[in-house]
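2 protein chains.
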Amino acid sequence: MDAVSHDHDAPLMGRSLIGTSLTAELGDDERGFRAVDPSTGAELAPSFRCATEADVAEAGRLASAAFPPFAASSGRTRSAFLHRIAEELEARRDSIVARAHLETALPEARLSGELARTTNQLRMFAELVERDEWRDPRIDRALPERSPTPRPDIRSMRTAIGPVAVFGASNFPLAFSVAGGDTASALAAGCPVIVKAHPGHPGTSELVGRAIAAAARASELPEGTFSLLFDDGHDVGQRLVGSPDVKAVGFTGSRRGGEALMRRAAERPEPIPVYAEMGSVNPIFVLPRAASARATSIAEGLHGSVMLGVGQFCTNPGVVLVPRGDAGDRIVGELVERTETTPAGTMLNAQVCANYGRGIEELRRAGARPVARGLDAAETVTAGVAALWEVGLDEVHAEPGLLSEVFGPSTLVVRYDAVDDLLRFAEVMEGQLTATLHAEPDDLDAEPGLVDVLARRAGRVVMNGYPTGVEVTPAMVHGGPFPATSDGRATSVGTRAIERFTRLVAYQDVPDAFLPAPLRDG
Amino acid sequence: MDAVSHDHDAPLMGRSLIGTSLTAELGDDERGFRAVDPSTGAELAPSFRCATEADVAEAGRLASAAFPPFAASSGRTRSAFLHRIAEELEARRDSIVARAHLETALPEARLSGELARTTNQLRMFAELVERDEWRDPRIDRALPERSPTPRPDIRSMRTAIGPVAVFGASNFPLAFSVAGGDTASALAAGCPVIVKAHPGHPGTSELVGRAIAAAARASELPEGTFSLLFDDGHDVGQRLVGSPDVKAVGFTGSRRGGEALMRRAAERPEPIPVYAEMGSVNPIFVLPRAASARATSIAEGLHGSVMLGVGQFCTNPGVVLVPRGDAGDRIVGELVERTETTPAGTMLNAQVCANYGRGIEELRRAGARPVARGLDAAETVTAGVAALWEVGLDEVHAEPGLLSEVFGPSTLVVRYDAVDDLLRFAEVMEGQLTATLHAEPDDLDAEPGLVDVLARRAGRVVMNGYPTGVEVTPAMVHGGPFPATSDGRATSVGTRAIERFTRLVAYQDVPDAFLPAPLRDG
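Chains A and B are the protein sequences, given in the same order. Read in order, the letters of the first sequence are residues 2 to 523 in my numbering. Read in order, the letters of the second sequence are residues 2 to 523 in my numbering.
As structure tokens, then:
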């Protein structure tokens, strides 16, 4: 096989990266696909060859071989590797941003910011693993004099779980894709990573994958530490999750996709953990006094959050609970006005756009009343037109389909009569990534239990803000009870994300020289 | 419904405890069962009424109602509750030990020690939750001056996951049953617990359940904090794991039972985590120099570990890898001699005894050669007769059935030629709770990677000791890769066991007064 080129300006090859090698070129009788410019529908060169069953097996074999030395490498080694990935990405910034813009229609400024977020994440984990606290090392020394039996020496820590399969997300071609948070946290833990690139941005994925491969080579890491596989169907993903070499899965995407991976992982002879972040409707609870005090600023902030990135965020607010009455009417009125003048944006790809259309239709069939529609756009073939809907809270209880996530610039206003009704709704709503409360001090004093209720149903409770914009800080939780994620115990953002790719191991009376470094004396 | 009696000397009622109430008495047309004295086969009074579908639903409803206040209770409150449970158990020690001896045939001294272990565990978690470190509280303060956007204040911690279903184990009627480690860690985290009692020791379970109910009442905790359900079949367990009120499961038992619960939990509309500790063969690797240096002491220690408690431990060594040649022959010879003079013990119950017989037969059919058999016992109807087997390592690779766990006083000696063969075996063996190495310093110097290999396949690596006897200390890991457990990320012993019953939650810009106490300023 050919070696991966480390020339920044090398043209895109359209071939999967398996360790330090490129797979074969696309043959005449093989499956391939091209990226598409979502604003024109035009195909972009080159063609990407879909990875074969043999490619998946080879990536797995190499990852398994790389696992023991990589897991045993020093934190300093992995830290330097992560720093190097960040540098390699920055060195390729212009070409990555330009290609990502072509493939996703996301603005270059946003993509440039997303690249900075990606390198920040890599460096956050690089700093984390320079010390061993993340391993939770524990030492219970022997008590040789204990009666009736002496107590042995017991030491334990977190250790890497094994090779991890990571699925790139459509909506974050950088920060939740090839070198995104899942990859960064898995590599930081000492787990080799096999990425299944998202078919919406294969060129971006190849450029980022080359940056990681270059960093792995510069860091003299084992060959199978990183691989990148292309496919525009489900075969490669299903094979990866079924591979005996793979020991955990990271995924950000749709509920349907995440649940398919959960099922596949649970059916294996050896079930493995799946960390699927599947999105949610991120309800916003506007309490009566807050509605009265600041209808305009709430409508403005909310509209901005709903429309951000053409609504293509997991944390997009899809449901807004607004009191009936004048103050609530003012909020809805302002939202209507803003929505009607919102220009359509180009969505990430034709599939996202088609799904948005279907979601809108399902909302309508479930009984949502359209109250505003944004401007159309003639100049793009994947236009996401803003949409605003309204229903009563009683209708939501009768028709839970109203609460299905619609990925795109749509939000459903739900009118309620009394705060007690809100509480009852919060108690029974599905698990959410976020739940947001707009409240004046008097609102909270009247319902002091509301924050607790929301904290039971969401991974993050936001006060007087908006859920879009997930800070990358040690305390961040980007998770939440099912179906927001497959596993509400975990977070995919923040330093705790590393814990997903670890298991616990104890050593009893093992001599110092044979202990892993974090558990040795001194 | 009648209230649970708090009189220590009240006779056994044979009725499930749902919160502070007893279920109905056993009706003529209802399912019930009795405990059996395993040494005589005689049934023991009273009859226990199997919990009905309505009982399971009521226990779930009460647990869900208890969850918010119990989860929000102070660590001090839950600590006092756990201490009180320990005291209530100690106050009932004599009756608990006497009934457990009748129901399981375990010696009273062992049961008394197990009760002490149980109260130690409760007190360990009581001390843990007096402070909030276990919650991993984190605070990332706001950066209002950050450009282009201010950073919000983000705080997060672990919080209780919800009501937990706990399944009592047959082989530890106290330490892994009604008030065992799963219950203690779940209650410590703030999760209400519904125990499905093991049908092998229902009377013991009722006595322990009453102690917990008395402690809950004395601690003025919500009614549904604890319930205890009886059933000698699978209905109650399956219903519990399927209940929308239940958010996590703790189980110690057979692989078949654990896998059934895993499947049920994965099929739910809202899948939930299952922590099933399913046992393993706990291989012992005797290296050549250790075999030469101390054949007799290894054989003695090993024999003691295999026969302990009639072999009825999850950590029982079921496979011993011994070098071919004189030193290995000496170990096997010593084991044969000791096995042939080992008296049969009474096993826990007729089912365990029948399964042991089947396991022995399967070993034989898989090609294990019997090399020694212990003494028979005429005076018990559930005799566990010691058994020693031998095969070559090549045979094990050809017939993995030789490595199936046989729960009881049986062990399989596997003879190997070269340490390289051992390494290859260790690389491919199934996940184990423990892996033990008997090695002289020269052995380890010759194979420095062996400890690492074992640490990849087991939850605990033991050096020059025996795996039976799991210390209850903060660093202990009683877990291991599938199929030793359903989830190798976790441990069911040691303070980290509390993490199983938690999820993460973050608060963004939430005012101090509405934050949970561990995240407030100061």
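Every residue gets a Cβ at the ideal spot worked out from N, C-alpha and C, and that includes glycine.
Within chain B, not a single residue places a beta-carbon under 9 Å from that of A:Glu134; the smallest gap is close to 11 Å. Rounded to the nearest whole angstrom, the C-alpha separation of B:Ser186 and B:Phe408 is 26 Å. Within chain A, the residues Asp137, Arg139, Ser157, Leu505 have their CB atoms less than 9 Å from the CB of B:Arg497, given in chain order.
Of B:Glu341, B:Pro449, B:Leu90, B:Leu438, the smallest CA-CA separation from B:Pro318 is found for B:Leu438. Residue pairing of B:Leu13 in beta bridges, as defined by DSSP: absent, with no partner found. Counting along the chain, no alpha helix (DSSP H) covers B:Ser6, and no H or E run does either.
Listed in chain order, the alpha helix (DSSP H) elements of length 4 or more contained wholly in the stretch 268-342 of chain A are 289-294, 296-308, 327-341. Leaving aside the five residues that flank B:Gly33 on each side, the residues in its chain whose CB is nearer than 8 Å to its CB run, in chain order, Gly15, Leu27, Ser48, Phe49, Arg50, Cys51. Proximity of B:Thr383 to chain A, defined by a Cβ-Cβ separation below 9 Å, is not satisfied. Each of B:Glu271, B:Pro245, B:Leu241 was checked against the Cα of B:Ala261, and the nearest Cα belongs to B:Leu241. A:Leu376 is classed as exposed because its beta carbon has fewer than 16 other beta carbons within 10 Å across all chains shown. Of all alpha-carbon atoms in B:Gly251, B:Glu335, B:Gly243, B:Ala166, the one lying nearest the alpha-carbon of B:Thr226 is that of B:Ala166. Note that the stretch 125-137 of chain A touches the stretch 154-163 of chain A; at least 3 beta-carbon pairs, one per stretch, sit closer than 8 Å. Under a 10 Å Cβ-count criterion, A:Arg100 is classified as buried, with 16 or more other Cβ atoms of the shown protein chains found around its own Cβ. Looking from the CA of A:Val321, the closest CA among A:Pro245, A:Glu278, A:Gly466 belongs to A:Gly466. Within the stretch 157-228 of chain B, complete alpha helix (DSSP H) segments of at least 4 residues are found at 182-190, 203-219, given in chain order. Annotated three-state conformation of B:Phe252 is strand, per DSSP. At a C-beta separation below 8 Å, B:Met263 has these neighbours in chain A: Ala267, Pro272.
Within 10 angstroms of the beta-carbon of B:Glu59 lie 16 or more other beta-carbons, which makes it buried. 9 Å or more divides the Cβ of B:Gly385 from the Cβ of B:Pro401.
Taking the beta carbon of B:Thr160 as reference, the chain A residues within 9 Å of it are Ala456, Arg457, listed in sequence order. Chain B places no beta carbon closer than 9 Å to that of A:Ser186, leaving this residue out of the contacts. Cα atoms of A:Pro442 and A:Val463: separation of roughly 15 Å, rounded to the nearest angstrom.
Assignment of B:Arg365 by DSSP, reduced to helix, strand and coil, places it in the helix class. Excluding five sequence positions before and after A:Met308, the CB atoms of its chain that fall closer than 7 Å to its own CB belong to Thr343, Ala387, Pro410, given in chain order.
Straight-line spacing of the CA atoms in B:Pro519 and B:Arg501 works out to 19 Å. Looking from the CA of A:Ala277, the closest CA among A:Asn356, A:Gly251, A:Glu271 belongs to A:Gly251. Residues of the same chain with a CB within less than 8 Å of the CB of B:Thr435, apart from the 5 flanking positions on each side, are Ser281, Asn283, Thr316, Ala459, Gly460, Arg461, Val462, Val463, Pro468, Gly481 in chain order.
DSSP, reduced to helix, strand and coil, places B:Glu26 outside both helices and strands of the structure shown, so it counts as coil.
For B:Phe126, no CB of chain A lies under 9 Å from its own CB, so it is not counted at the interface with that chain.
Counting only unbroken stretches of 3 or more residues, the beta strand (DSSP E) elements lying wholly within the stretch 420-445 of chain A are 433-439, in sequence order. Take the alpha-carbon of A:Pro270 and the one of A:Ala64: they are about 20 Å apart.
In this structure, the beta-carbon distance from A:Thr383 to A:Thr347 falls below 9 Å.
In this structure, B:Ala355 lies away from B:Val323, with their beta-carbon atoms at least 9 Å apart.
In terms of CA proximity to B:Arg325, B:Asp395 leads the group B:Gly254, B:Ala176, B:Asp395. Closer than 9 Å at the C-beta level to chain B, one finds these residues of the stretch 451-480 of chain A: Leu451, Val452, Asp453, Val454, Ala456, Arg457, Ala459, Gly460, Arg461, Val462, Val463, Met464, Asn465, Gly466, Pro468, Gly470, Glu472, Thr474, Pro475, Ala476, Met477, Val478, His479, Gly480.
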